[in-house]
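Asker: For the sequence shown, the working numbering gives the first residue as 9, with consecutive numbering after it. This structure is in C-alpha cells; I'll ask about it shortly.
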Amino acid sequence: MTTDDSKPFARKTPALDAALRDLVENPLAWALFLDIDGTLLDLAPTPDAIHVPAELPENLHHLSTRMDGALAIVTGRALLYADEIFQPFEFPIAGLHGGEMRGTDGHLLLVEAPTAFAILKGNLLAEAQNMPDVLVEDKGAAVALHYRLAPSFEQEVEALMRRYAKKAGPDWTLQMGKKVCELRPAGASKADALERFMANPPFRGRRPLAIGDDLTDETMFATANAMGGYSIRIGRRSAVSCARGTIQSPQDLRDYLAFAIENS
Ligand SMILES: O=P(O)(O)OC[C@H]1O[C@H](O[C@H]2O[C@H](CO)[C@@H](O)[C@H](O)[C@H]2O)[C@H](O)[C@@H](O)[C@@H]1O
9 MTTDDSKPFA
19 RKTPALDAAL
29 RDLVENPLAW
39 ALFLDIDGTL
49 LDLAPTPDAI
59 HVPAELPENL
69 HHLSTRMDGA
79 LAIVTGRALL
89 YADEIFQPFE
99 FPIAGLHGGE
109 MRGTDGHLLL
119 VEAPTAFAIL
129 KGNLLAEAQN
139 MPDVLVEDKG
149 AAVALHYRLA
159 PSFEQEVEAL
169 MRRYAKKAGP
179 DWTLQMGKKV
189 CELRPAGASK
199 ADALERFMAN
209 PPFRGRRPLA
219 IGDDLTDETM
229 FATANAMGGY
239 SIRIGRRSAV
249 SCARGTIQSP
259 QDLRDYLAFA
269 IENS
C-alpha cells in the first residue's frame with residue numbers, strides 16, 4: 009500500500025503512519041482501546057449535549073468484527089451511560105476510568121456507591137448551587153463537577169473538590185480533566201482496565217493501541233507503550249503527554265476509522 013496525502017494515515021510522522029497502516033493491514037495483530045469524550049466524540053458544552061454521529065456505532069462494530077472483537081471502550085463515563093451511546097451494539101467496556109468493566113464474557117462489574125458517598129454527593133450538589141452554571145454529574149460511584157460553562161469558577165471548583173476528596177476518604181481519588189474535576193473510585197485506572205482486557209482473548213497476545221485525549225488517558229498510554237504497543241493523543245502535540253502520536257481531532261479519528269473499515 010502506498011502512502012499519500014489522500015490517506016487519513018498520511019500524517020508525515022513515520023511511526024504514527026506505520027501504526028495506523030498496520031492496523032488496516034493486520035487488524036488481528038492489534039487490540040484497540042478507545043476513549044469517548046474528546047476522542048470518538050467532539051467535546052460538547054455539557055455531558056448530555058454530546059452528538060453521536062449516526063454512522064459511528066456501526067463503524068465501530070464493523071471494525072471490531074474485523075479485529076475479531078479486540079476493540080474496547082475505556083471511558084470516564086459511567087459504564088451504563090456509555091453503553092447507550094453505541095446502541096444497538098455492545099463492546100467490551102471499562103467505565104468510571106477503569107472502576108467498572110464488562111469483558112467479552114459479558115460479565116458486568118459495577119461499583120455500588122455506599123450510603124456515605126450518596127450523602128456526600130447530596131452535600132456537594134447543595135454547595136455547587138452557589139456557583140451558577142457549574143454542573144454536577146452524578147455517575148453513581150463517582151461524581152464530576154463541570155465548569156465548561158462557567159470557567160471563572162475553575163479554582164473554586166478545584167478547591168471544593170479537594171475538600172470533598174478528603175471527606176470521601178482513601179477509597180476515592182481526585183481526577184482532573186477537561187473543564188472538569190471528579191471524585192472517582194481509587195482502586196482502578198484506565199491502565200488497569202487495559203491490562204485486564206489484555207489478559208484475556210481476543211486481546212491477549214496482540215499489540216495494544218490506546219487512543220485518548222485527556223489526563224485520565226495517560227496511564228493507558230504508558231501501559232500500551234510498555235506492552236510494545238502504541239498510543240495516540242487526540243489534539244495538539246503535548247510535551248507532557250506520553251502518547252507517541254497525535255491525531256488532530258475526533259473528526260480526523262472518525263475519518264481514519266471509516267477508512268480502516270473500508271480497507272481492512
Ligand atoms: O474518558 P472519557 O470518555 O473521555 O470521559 C471523560 C469525561 O468526559 C465527559 O466530560 C467531558 O466531555 C463533556 C462532553 O463533551 C464536556 O462537556 C466536559 O467538559 C468534558 O470534561 C464526562 O461528562 C465525564 O463524566 C467523563 O469523565
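Here a beta-carbon is modelled for each residue, glycine too, at the ideal position from N, C-alpha and C.
Can you tell me which of LEU153, GLN183, PHE205 puts its alpha carbon nearest to the alpha carbon of GLY114?
Answerer: The shortest C-alpha separation from GLY114 is found at PHE205.
Asker: With a threshold of 16 other CB atoms inside 10 Å of the CB of ASN131, please say whether the residue is buried or exposed.
Answerer: Result: exposed.
Asker: Do PRO210 and ALA78 come within 9 angstroms of each other at the CB atom, strictly closer than that value?
Answerer: Yes.
Asker: Please report the residue range of the alpha helix (DSSP H) in which ASP141 lies.
Answerer: Note, ASP141: premise wrong, no alpha helix (DSSP H); not H, not E.
Asker: Just verifying my parser: in three-state terms, what is the DSSP assignment at PHE41?
Answerer: Correct three-state label for PHE41: strand.
Asker: Using C-beta distances below 7 angstroms, list every residue in its chain close to LEU191, excluding the 5 sequence neighbours before and after it, in chain order.
Answerer: Same-chain partners within the cutoff: ALA150, VAL151, MET169, TYR172, ALA173, ALA176, TRP180, LEU182.
Asker: For LEU118, which residues of its own chain have a beta-carbon under 6 angstroms away from its beta-carbon, when the five flanking residues on both sides are left out?
Answerer: Counting only Cβ-Cβ distances below 6 angstroms, and skipping sequence neighbours, we find GLU108.
Asker: Leaving out the 5 sequence neighbours to the left and right, which residues in its chain are closer than 7 angstroms to LEU71 when beta-carbon positions are compared?
Answerer: Cβ within range, chain order: LEU79, LEU265, ALA268, ILE269.
Asker: Taking 8 angstroms as the cut-off, is the C-beta of ILE219 nearer than that to any heavy atom in ligand 1?
Answerer: No, ligand 1 has no heavy atom inside 8 angstroms of this Cβ.
Asker: If ASP43 sits next to THR83, beta carbons under 8 angstroms apart, how far is it from one beta carbon to the other, in whole angstroms?
Answerer: Correct: roughly 6 angstroms between the Cβ atoms.
Asker: Which residues share a DSSP beta bridge with CYS189?
Answerer: CYS189 is bridged to LEU153, MET184.
Asker: Buried or exposed: ALA86, going by 16 or more other Cβ atoms within 10 Å of its Cβ?
Answerer: Classification for ALA86: buried.
Asker: Would you grab the beta carbon distance between LYS129 and ARG156 for me? Rounded to a whole angstrom, and I think it's under 8 angstroms.
Answerer: With a Cβ gap of about 20 angstroms, LYS129 and ARG156 do not count as contacting.
Asker: For the segment 214 to 226 and the segment 33 to 40, state whether three or more C-beta atom pairs, one from each stretch, are separated by less than 8 angstroms.
Answerer: Cβ pair count under 8 angstroms is three or more, so yes.
Asker: Residue range of the beta strand (DSSP E) that PRO22 falls in?
Answerer: Careful: PRO22 lies outside any beta strand (DSSP E), inside the alpha helix (DSSP H) at 22 to 33.
Asker: If distances are taken between C-alpha atoms only, which option among GLY253, GLU98, GLU166 comes closest to GLY220?
Answerer: Comparing Cα-Cα distances from GLY220 to each of GLY253, GLU98, GLU166, the minimum goes to GLY253.
Asker: Give the DSSP-derived three-state secondary structure of ALA196 in the structure shown.
Answerer: ALA196 falls in the coil class under three-state DSSP.
Asker: Excluding the 5 residues preceding and the 5 following MET9 in the sequence, name in chain order all residues of the same chain whose CB lies nearer than 6 angstroms to its CB.
Answerer: The pLDDT assigned to MET9 is 33, lower than 50, so where the model puts this residue is not dependable, and the model offers no usable value.
Asker: Is the separation between the beta-carbon of LEU153 and that of ALA126 shorter than 9 angstroms?
Answerer: Cβ distance not < 9 angstroms, so LEU153 and ALA126 don't count as in contact.
Asker: Should ARG245 go down as buried or exposed, given a rule of 16 or more other Cβ atoms within 10 Å for buried?
Answerer: ARG245 is exposed by the Cβ-count criterion.
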